[in-house]
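**Student:**
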Amino acid sequence: MLSNRFRLLLFIMLASSVLALGLFGLGYAPATAQALTQLKLPATPETIQADIVISHTVTVEDPGGRTGYYLSMATIGGKPAMAFHNGTAGQVQFMLANDADGTSWGEPINIRAVTPFASGIVLREINGKPAVIYDDVGTDALTYIQATSADGSSWGTPVTVDQVSPFGTGYIDLEVVAGQPAVSYAYAPLANSNLQLRYARANDADGGSWGTPQILDNSQPIVGAFSQLEVVDGFPAIAYQNSTLGNLMFLRAQDATGSSWGTPQLLANAGTAGQQLTMAIIAGQPAIVYRDGASGDLRYTRATTASGSSWGAPVTLHPFTISGGAPPHLTTINGLPAVAFQTGGAVYFQRANDATGSSWPAPTTIYTGSTSSDGVYYLNLQMVNGRPAIAGQNSLHDAVAYLRADNAAGTSWGSLRLLLGGLVGNDNSLALVGGRPAISYADSLAGGLRYARAADATGTSWETPISVDPTLQTGEGSQLLVVNGQPAITYLGDNGNLRYVRATDAVGSSWPAPQSLIADGAYLPNLAIFTDRPTIVYYDYNASEIRRLRANDADGTTWGSPLTIASLNSNAIDSEDGNLLLFSLNGNPAIVYSDSPNNTIHLIRANDAAGNSWGAPAQVATGGEGDGLSYDFHEDRLALLFYYWDSANSEYQLTYVRATDLSASSWATPVTIHAQSGVNNRPFLTWINGAPAALYVDRQTDQWQLLRSTDASGTSWGTPQPVLPNYGDADILRLDEHAFAFSNGSDALHYLYYQLETQFKLYLPTVIRQ
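Following the working numbering, the numbering of the sequence shown begins with 2 at its first residue and continues without gaps.
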């Protein structure tokens, strides 16, 4: 597998001048709060300075970012290979398997940097070397590049095949025609979304220069969509759709190079025929699989002659059941025509009963996504070392996906593998384990719940991440906490399956099989220690109840039955992360939550230290919404920070409220401290020099902002100031609200967050005393 797949980006940042970030005590979750109790506060006052610079970077795990767009698969030197656009890296990339089966894969290789992206990527083996063609959206150029080595480890200079208009090109296909690369594509000449079918052929075998593109069909305003190029009986031919009339068309050249062309043939005229088509040579004659838009059926038609001069009646393969889906892919698998296609998040493989495709069995389901959007887009099907294999982009995780059948007929398939990209760092939690920072997190690429621990006390280097629970769709809401001297994690499996696992040693180098505590319906788990036993508070979505689980022993080996803390109205708590928080209030467990339908914030306190009985919910404030709750204590009084959507002014309002007594029985009037449409990420509350302060992300400026109160009570507030620099859209635009703080025993505060839903970054601002 990829040698760089097990890396998380953790940035270590040093203050360029005096910092007071060591004073931060961000209240997010009990697991984090316990680490905060070890925070070593400075003896003298300190101030915040906005200027922070990066000192160095430590990479622990990097799965490759949001990638797999416009993926194309081909056999290169007898091994499966892929080309695709990596959105995070801004590169067209090439990746070659290390073996003929695609069991393991090499590192992705950058072919060409593109801004903003490349579309319509097609990979082929041309003259013994991999080559790609694509539409460079930033330069408005149909671009061809061939590798300079047979394994694609190095690439040549890009060549512009056609300088397209700013309105683009698409539906690109690349084949070798009379020994030289050739391309068919749809060209948009004007701003009115018109399309015309074009064809171009290189002047040499490597594609170093290209002839003048030919316009093959502009008979209607929109023609050329879904173009597929094949050599048919020695001459190039193209299948495409006349989108204006909804007709499936076939056009064949009159010579071997494609210098002259015949008249387009009408194959189907159902009004919406020819959508998402794919063409291949089946038993010596051209064949096409396409979706009929009127019926939603996937259909197969094959020519009755080698030249495609006449065609047989179409055969219905499968109803698509939806209006769209990834285009299918037709090829020959062990002598019989076969097609892979997707509909509704499920991927199917269907192989004909005979060599010509006159009859077909029912399709085999080879992958079923968790939702209708969890499919395999840019779907490719080909023979890989004697068995069918598919590749594409898993749309749920934005990752390169690959799956090879267990047998030559494709009647049995294994599990879909995510080779590159995907979400890593979701639902992270940070704690000190054996004096070193450690992380639990969800990783869709490697699968499930993972754990990583630093190799030193400052987190400048990290040990290899460990798979704690490899099950896909696992790790949501992870909470890491040291339980009786050993790290433990509570988290969710699929469908709200609440799980708990505790390492077998003090550093988390080995983990047993996890325990399933609640079968389904659990959300927003919080883990804490009360009266020396691990305790979990969660929201039961099925029953609309807040419940508590308490272990029967100090390790969490066995657990008691769920205790209902509060029964709420249906869907009272949004299942997004952060609407339910657990902490200690005057020695007893307490929870705060947001009632989303009513836009209210509530507090519930236990009547005893173990949390065996609880009081009634008390309303703290109105206007609370979503995943924006943060808490902290100052002078033993609880304070909250949250946001809500003000529909009248179309803006989010960041709001602060503080209890007026130690038991949090009464509260001051909430204060709106910042109102702006972009302030809708999780805020964090702390105190600086005795006054409350809020740290949050402003999406409009893509910056971390620090907003400080001008008085100790939090009744008036100053102007927000940026405390982390703007890293641009590629870094911080999609910065999620996950951020945590802890101390390693020095005067330093550590921030952990991930960006673009793919990367972890750990900031270590150093505190310098005045």
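Heads up, the beta-carbon is just placed ideally off N, CA and C, and yes, glycines get one too.
Every value quoted in this text rests on a predicted model; they were computed, and no experiment measured them.
Relative to the C-alpha of G358, which candidate in Y301, T365 and Y379 has its C-alpha closest?
**Tutor:** The residue with the shortest Cα to Cα distance from G358 is Y301.
**Student:** From the DSSP output, in three-state form, read off N99 for me.
**Tutor:** In the structure shown, N99 sits in coil (DSSP, three-state: anything other than H, G, I, E or B).
**Student:** Using C-beta distances below 8 Å, list every residue in its chain close to Q94, excluding the 5 sequence neighbours before and after it, in chain order.
**Tutor:** The answer, listed in chain order, is T68, A84, F85, H86, N87, P109, I110, N111 and I112.
**Student:** Under a three-way DSSP split, which group does G497 fall into?
**Tutor:** In the structure shown, G497 sits in a helix (DSSP, three-state: H, G or I).
**Student:** Rounded to a whole number of angstroms, what is the C-alpha to C-alpha distance between W463 and S511?
**Tutor:** Approximately 16 Å, taken between the alpha carbons.
**Student:** Once the 5 residues before and after P117 are set aside, which same chain residues still bring their CB inside 7 Å of it?
**Tutor:** Only V138 and G139 meet the Cβ criterion.
**Student:** Cα separation between L72 and Y241?
**Tutor:** Whole-angstrom Cα-Cα distance: 20 Å.
**Student:** Taking C-alpha atoms, which residue in P535, R454 and Y442 lies nearest to L493?
**Tutor:** With distances taken between Cα atoms, L493 lies closest to Y442.
**Student:** Identify which residue in Q164, S545, T332 and A288 has its Cα closest to the Cα of W312.
**Tutor:** Ranking the options by Cα distance to W312, first place goes to A288.
**Student:** Are the beta-carbon atoms of A339 and T333 separated by less than 9 Å?
**Tutor:** In contact: A339 and T333 (Cβ atoms closer than 9 Å).
**Student:** Going by the beta-carbon positions, is the gap between S479 and N429 smaller than 9 Å?
**Tutor:** Yes, these two residues count as a Cβ contact at 9 Å.
**Student:** With C-beta atoms as the reference, is L246 less than 9 Å away from N270?
**Tutor:** Against a cut-off of 9 Å, the Cβ pair of N270 and L246 comes out as a contact.
**Student:** Give me the Cα-Cα distance between D205 and P182, rounded to the nearest whole angstrom.
**Tutor:** Near 8 Å, if we compare the C-alpha coordinates of P182 and D205.
**Student:** Does N650 pass the burial test, meaning 16 or more other C-beta atoms within 10 Å, or should it be called exposed?
**Tutor:** By the 10 Å Cβ count, N650 comes out exposed.
**Student:** Specify the secondary structure class of S648 as computed by DSSP and reduced to three states.
**Tutor:** In this structure, S648 counts as coil in the three-state DSSP scheme.
**Student:** Per DSSP, what are the beta-bridge partners of G393 in this structure?
**Tutor:** A402.
**Student:** How would you write the range of the beta strand (DSSP E) that I467 sits in, first residue to last?
**Tutor:** Segment I467 to D470, the beta strand (DSSP E) holding I467.
**Student:** Quick one: measure Cβ to Cβ for I592 and I566, integer angstroms, because I've assumed they're closer than 8 Å.
**Tutor:** Confirmed, Cβ separation roughly 7 Å.
**Student:** Against chain B, does P131 count as a neighbour if the rule is that its beta carbon must be under 9 Å from one of theirs?
**Tutor:** Looking at the structure shown, chain B is missing, and only one protein chain is on hand.
**Student:** Helix, strand or coil, according to DSSP, for G171 in the structure here?
**Tutor:** Strand, per DSSP.
**Student:** What does a CB cutoff of less than 6 Å around S244 pick up in its chain, not counting 5 residues either side in sequence?
**Tutor:** Counting only Cβ-Cβ distances below 6 Å, and skipping sequence neighbours, we find I223 and A226.
**Student:** Using DSSP bridges, identify the partner residues of E231.
**Tutor:** Its beta-bridge partners are A238.
**Student:** What is the rounded straight-line gap between the Cα of A392 and the Cα of T89?
**Tutor:** Distance between the alpha carbons of A392 and T89: 20 Å.
**Student:** Alpha carbon to alpha carbon, what distance is there between N613 and P466?
**Tutor:** Spanning the two alpha carbons is a distance of roughly 37 Å.
**Student:** In this structure, does DSSP put R67 in helix, strand or coil?
**Tutor:** In this structure, R67 counts as coil in the three-state DSSP scheme.
**Student:** Keeping to the same chain, check which residues put their C-beta closer than 8 Å to that of D407; ignore five residues upstream and five downstream.
**Tutor:** Correct list, in chain order: R388, S413, W414 and G415.
**Student:** How far does the beta strand (DSSP E) with N527 in it extend, from its first residue to its last?
**Tutor:** Note, N527: beta strand (DSSP E), A523 to F531.
**Student:** Among Y524, L518, E652 and Q229, which one has its Cα closest to the Cα of L582?
**Tutor:** Comparing Cα positions, the closest option is Y524.
**Student:** By alpha-carbon positions, which one of G212, P190 and D218 ends up nearest to L198?
**Tutor:** Closest by alpha carbon: D218.
**Student:** So what does L586 bridge to, in DSSP terms?
**Tutor:** Its beta-bridge partners are N589.
**Student:** Can you name, in chain order, every residue of its own chain whose Cβ lies under 6 Å from the Cβ of Q516, other than the five neighbours on each side?
**Tutor:** The residues are Y501.
**Student:** Going by Cα to Cα distance, which pick from R551, K130, L417 and G285 is closest to A304?
**Tutor:** Closest by alpha carbon: G285.
**Student:** Taking C-alpha atoms, which residue in E652, T670 and R606 lies nearest to T623?
**Tutor:** It is T670.
**Student:** Can you tell me whether Q474 is helix, strand or coil according to DSSP?
**Tutor:** Coil at Q474, not helix or strand.
**Student:** Closest to A347 by C-alpha separation, out of R606, N354, H319 and L337, would be which residue?
**Tutor:** Checking every option, the nearest Cα to that of A347 belongs to H319.
**Student:** Within the same chain, show all residues whose beta-carbon is closer than 6 Å to that of L569, passing over the 5 residues directly before and after it, in chain order.
**Tutor:** Excluding sequence neighbours, L569 sits near S545.
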